[in-house]
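Data first, discussion second: the structure below is written as structure tokens.
Residue numbers (our numbering): 16 to 408.
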């Protein structure tokens, strides 16, 4: 309730800003009227009798309750003697079947009478008419993390408010279940979700806000830390969904899915994204997207090689001479042979790196092609050091 009012406050302040240049500073007479009707759209526009209507106004930057009244038999209500000061913005609220309704904020401007109707609905615990018109998933790669945003347009295509049926906490019923990867972190509710109404679950989180007829935008984000150059992204489909689109950086990674088809690329020189797309997903189904060629292995291998270089240099052996199999000229016609102990340490370091790479391959942390290339490079270094050991013995 409070968060909804905060949103209304923002709208009201914006409206006040627009009205300010034309505001008359002359005193006002309290001669305005705010009237309207509460209409039940589930019952073919029938008026609702006996509902309490609360009038709020923003006066000098403060929200004030200005009055209460009840609807009559046909569903009408009115407030008399309201200030027509153009600096004041009004809105009304009511509650029907435990669902709150708010009017749009409005000011008198040059009028003496304002009409604010409220549309209400019956409620249901069945989600038969709840769909996701579209579900967009956006992927960015930053370091060793996947940055994911999900945008959903949820539609209630019926004429009743969906309030859920499964109670997650006292007074909170699940209306939308969102699944997240088990590694998901840094979850942010950006639009259409309120932290007060979200309940964390083992699968991800669930929203408990009612879903009124019409469309509702939901936007949230999270990060996933991955290990290895491959990752399998699994996504449960919470609603009957018309379209799912997955966008990922063009040419950075390879992506495959049995449920989504490649539909080309979008964007310009500033950034291009490839797109996978699919249609008509059933509630409770799942999509699986496999990522290959993620940059984690590249950064890891650089780190491993950097560590190896430090070990080799620390042992007093210059890598260029390993590659060339040469010794440094001392200037007197002789060569300085590397120390046997340092050569042995270098060989052990290379072999240890090979073992770690083998373990990484067995755990799926590197694809086969990269594994073969890196392993061949390390084996070559090991052979070169072995030659040096034989020459020095």
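Even glycine gets a Cβ: it sits at the ideal position worked out from N, Cα and C. Remember, predicted model here, so these are calculated numbers, not experimental data.
Beta carbon of residue 51, beta carbon of residue 132: below 7 angstroms? By 1-based counting over the chain shown, the position of residue 51 is 36. By 1-based counting over the chain shown, the position of residue 132 is 117. Taking C-beta atoms as the reference points, residue 51 and residue 132 count as a pair closer than 7 angstroms.
Pick helix, strand or coil for residue 70, following the three-state DSSP scheme. Numbered from its first residue, the chain shown carries residue 70 at position 55. Note: residue 70 maps to strand in three-state DSSP.
What does the Cβ neighbour count give for residue 57, buried or exposed, with the cut at 16 atoms within 10 Å? In the chain shown, residue 57 corresponds to position 42, counting from 1. It counts as buried.
Proximity test, residue 92 beta-carbon vs the ligand NAD heavy atom, cut-off 6 angstroms: Ligands in the displayed structure: none, and consequently the ligand NAD is not present.
Assign residue 185 to one of two classes, buried (16 or more other C-beta atoms within 10 Å of its C-beta) or exposed (fewer than that). Residue mapping note: residue 185 aligns to position 170 of the chain shown, counting from 1. Under this definition residue 185 is an exposed residue.
Apply the 10 Å Cβ neighbour rule to residue 394 and answer buried if 16 or more other Cβ atoms are within range, or exposed otherwise. Counting from 1 along the chain shown, the entry for residue 394 is found at position 379. Flag for residue 394 reads exposed.
Given residue 411, which residues of its chain have a CB within under 7 angstroms of its CB, disregarding the five upstream and five downstream residues? Because the chain here runs from 16 to 408, residue 411 falls outside it and cannot be looked at.
Taking the straight line between their C-alpha atoms, what separation do you get for residue 197 and residue 217? Locating residue 197 in the chain shown gives position 182, where the first residue counts as 1. Locating residue 217 in the chain shown gives position 202, where the first residue counts as 1. Cα atoms of residue 197 and residue 217: separation of roughly 9 angstroms, rounded to the nearest angstrom.
Grab the span of the beta strand (DSSP E) containing residue 167 for me, first residue to last. Counting from 1 along the chain shown, the entry for residue 167 is found at position 152. Looking at the DSSP string, the run of the beta strand (DSSP E) that includes residue 167 is 160-171.
Going by C-alpha distance, which of 274, 126, 244 and 308 is nearest residue 260? Position 245 of the chain shown, counting from 1, holds the residue named residue 260. For the residues 274, 126, 244 and 308, the minimum Cα distance to residue 260 belongs to 274.
What do you reckon, are the CB atoms on residue 232 and residue 304 nearer than 7 angstroms? In the chain shown, residue 232 corresponds to position 217, counting from 1. In the chain shown, residue 304 corresponds to position 289, counting from 1. No, Cβ-Cβ distance for residue 232 and residue 304 is not below 7 angstroms.
From this set, 297, 282, 210 and 269, which residue's C-alpha is nearest residue 306's C-alpha? In the chain shown, residue 306 corresponds to position 291, counting from 1. Closest option to residue 306, Cα to Cα, is 269.
Measure the Cβ-Cβ separation of residue 367 and residue 400 and say whether it is below 7 angstroms. In the chain shown, the residue the question calls residue 367 occupies position 352. In the chain shown, the residue the question calls residue 400 occupies position 385. No; because the gap between Cβ atoms is not below 7 angstroms, this pair is not in contact.
Stretch-stretch touch, CB-based, cutoff 8 angstroms, three pairs: the segment 148-158 with the segment 68-86: Touching, no, given that fewer than three Cβ pairs across the two stretches are closer than 8 angstroms.
Rounded to whole angstroms, how far is the Cβ of residue 98 from the Cβ of residue 47, which I believe are closer than 8 angstroms? Sequence index remark: in the chain shown, residue 98 carries index 83 (1-based). Sequence index remark: in the chain shown, residue 47 carries index 32 (1-based). About 6 angstroms separates the two Cβ atoms, so the contact holds.
Go through its chain and collect everything with a Cβ distance to residue 239's Cβ below 7 angstroms, but skip five positions before and after it. Residue mapping note: residue 239 aligns to position 224 of the chain shown, counting from 1. For residue 239, where only same-chain residues beyond five positions count, the Cβ hits under 7 angstroms are 160, 161, 163, 196, 198 and 199.
The beta strand (DSSP E) enclosing residue 135, as first and last residue numbers: The residue labelled residue 135 in the question sits at position 120 within the chain shown. That run of the beta strand (DSSP E) goes 133-135.
Quickly, what does DSSP pair residue 229 with across the bridge? List them, please. Taking the first residue of the chain shown as position 1, residue 229 is located at position 214. BP columns for residue 229 point to 171.
Quick check: residue 223 and residue 212, are their CB atoms within less than 7 angstroms of each other? Your numbering for residue 223 matches position 208 in the chain shown. Your numbering for residue 212 matches position 197 in the chain shown. The answer is yes: Cβ separation under 7 angstroms.
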